[in-house]
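Numbering (the working numbering) for the sequence shown: 270 to 587.
One structure is given here, and the rest of the page talks about it.
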Amino acid sequence: MSMRFASSVIGLAATASTAAAVTAANSGIKGFNYGAFFLNQAAKQQADFEYEFNRAKNLPGTSGWNSARLYSMIQWGTASDVISAIPAAIQTKTTLLLGLWVSGSDQAITNEITALKAAINQYGSAFTDLVVGISVGSEDLYRDASGEIGVGPQKLINCISQVRSAIAGTPLAGVPVGHVDTYDSFLNGTNRAVIDNIDWLGFDGYPYWEQTKPNSIGDAHERFYDGLNKTIALAGNKPVYVTETGWPVSGKTVNLAVPSPENARIYWQDIACSLISSGVNLWWYNLQESQWGQADPDFGIFPAGDLNQVSPSYELSC
Numbered sequence: 270m271s272m273r274f275a276s277s278v279i280g281l282a283a284t285a286s287t288a289a290a291v292t293a294a295n296s297g298i299k300g301f302n303y304g305a306f307f308l309n310q311a312a313k314q315q316a317d318f319e320y321e322f323n324r325a326k327n328l329p330g331t332s333g334w335n336s337a338r339l340y341s342m343i344q345w346g347t348a349s350d351v352i353s354a355i356p357a358a359i360q361t362k363t364t365l366l367l368g369l370w371v372s373g374s375d376q377a378i379t380n381e382i383t384a385l386k387a388a389i390n391q392y393g394s395a396f397t398d399l400v401v402g403i404s405v406g407s408e409d410l411y412r413d414a415s416g417e418i419g420v421g422p423q424k425l426i427n428c429i430s431q432v433r434s435a436i437a438g439t440p441l442a443g444v445p446v447g448h449v450d451t452y453d454s455f456l457n458g459t460n461r462a463v464i465d466n467i468d469w470l471g472f473d474g475y476p477y478w479e480q481t482k483p484n485s486i487g488d489a490h491e492r493f494y495d496g497l498n499k500t501i502a503l504a505g506n507k508p509v510y511v512t513e514t515g516w517p518v519s520g521k522t523v524n525l526a527v528p529s530p531e532n533a534r535i536y537w538q539d540i541a542c543s544l545i546s547s548g549v550n551l552w553w554y555n556l557q558e559s560q561w562g563q564a565d566p567d568f569g570i571f572p573a574g575d576l577n578q579v580s581p582s583y584e585l586s587c
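Structure representation (structure tokens):
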């Protein structure tokens, strides 16, 4: 499954007199995942995020991709400064599925909350009216079970509680709080308590990485929907958003999964188009992954280069 930095977003924002009242229900949001830095580890600045957000809203053959899922509230390379994606979203009217990175030291969630509060105070309703959801963590349970740097269920629940306390009494108080992970992590019985403490579940699904099962492009539909439907069944009456999925245009073959623009097009037409048709909140991975370097594998719709000069690697119509 995916080992990528990502988060999740949600439903319709209706502004009440003092707070944004947001529903957790799926409402057909379409967006992409946006990391805080380029492949050369340089931090993205406001102009970089604006460039990406504007390109996403002007894609050939499709429209309505006006949401951004973030992995962190913190500007890359700083302790707790607000990520420059926030003013970029305000300038471009891009909705936000906020992410707070909680893996690593206990200080991680403290710094994330510091940045979140600062964003509320600095940007006010221009920021908070764009927020469709908050994801506390991204694939932390998956990494923890894999022996990587993640967090276990009890620590994650504690982080969720801290975030709820931090937004209480603010314009974000009514925004749904969730967590993003892989379906096998949600299916793990020891993690059940996490589901009980969130408003929505973010599903990250990559048939490409499922190397222990048939995962050719011909198997991709079954692989993806098997994981998604298991997550939906586990979620009960809580909505499930698709917070990450995609197929690489280049890279190594993983079991039966062959990266190519042709297969990425097939995957888009099958998975993206079916999710769009059903109105599921969707954040695709990814608009452009090869930025100041060559990603391997490369999940980007666009190849390396100036986003306004290069063409998509495959057709995006449904």
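Note that beta-carbon positions come from the ideal geometry of N, C-alpha and C, so glycine has one too.
Looking from the CA of Leu369, the closest CA among Lys362, Thr363, Ala377 belongs to Ala377. One thing to note: Ala384 has its Cβ within 8 Å of the Cβ of Ile343. For Ser582, no alpha helix (DSSP H) run applies, since DSSP gives it neither H nor E. Around the Cβ of Trp561, a 10 Å sphere holds fewer than 16 other Cβ atoms; the residue is exposed. Between Ala357 and Phe318, the C-beta spacing is below 8 Å.
Residue burial annotation: Gln557 is buried, with at least 16 other C-beta atoms found within 10 angstroms of its C-beta.
When secondary structure is reduced to three states using DSSP, Leu425 falls in the helix class. Burial is judged here by how many other beta carbons sit within 10 angstroms of a residue's own beta carbon; Ile382 has at least 16 and is buried. Annotated as proximal: Leu470 and Val509, with beta-carbon spacing under 8 Å.
If you look at Glu513, you'll find it in the beta strand (DSSP E) that goes 509-513.
Exclusion of the five residues before and after Phe493 leaves Gly474, Pro476, Ile540 as the residues of its chain whose Cβ lies within less than 6 Å of its Cβ. When the Cα atoms are used, Pro566 and Gly346 turn out to be separated by approximately 25 Å. Distance between Ser454 and Gly330, taken at the CA atoms: about 35 Å.
Proximity to Gly515 across Gly574, Asp575, Tyr583 peaks at Tyr583, based on C-alpha coordinates.
For Val351, the closest C-alpha among the options Tyr536, Ser374, Lys313, Trp552 is that of Lys313.
A check of alpha carbon separations from Ile403 across Ala435, Gly297, Asn532 identifies Ala435 as the nearest. DSSP, reduced to helix, strand and coil, places Gly438 outside both helices and strands of the structure shown, so it counts as coil. Bounds of any beta strand (DSSP E) do not take in Leu503; it lies within the alpha helix (DSSP H) bounded by 489-504. Counting along the chain, Leu339 sits inside the beta strand (DSSP E) bounded by residues 336-339. Rounded to the nearest angstrom, the Cβ distance from Val511 to Phe472 is 5 Å, consistent with a contact under 8 Å.
In the DSSP assignment, Asn524 falls outside any beta strand (DSSP E) and carries neither an H nor an E. Residue range 364-369 is occupied by the beta strand (DSSP E) that includes Leu369. A residue is called buried once 16 or more other Cβ atoms fall within 10 Å of its Cβ, and Asp413 is buried on that count.
A straight line joining the alpha-carbon of Thr364 with that of Cys542 spans about 21 Å.
The Cβ neighbour count for Ile418, taken over all protein chains shown within 10 Å, is under 16; the residue is labelled exposed.
With a beta-carbon spacing of about 16 Å, Ile355 and Ala325 fall beyond the 8 Å limit used to define contacts.
Residues of the same chain with a CB within less than 7 Å of the CB of Asn323, apart from the 5 flanking positions on each side, are Thr361 in chain order.
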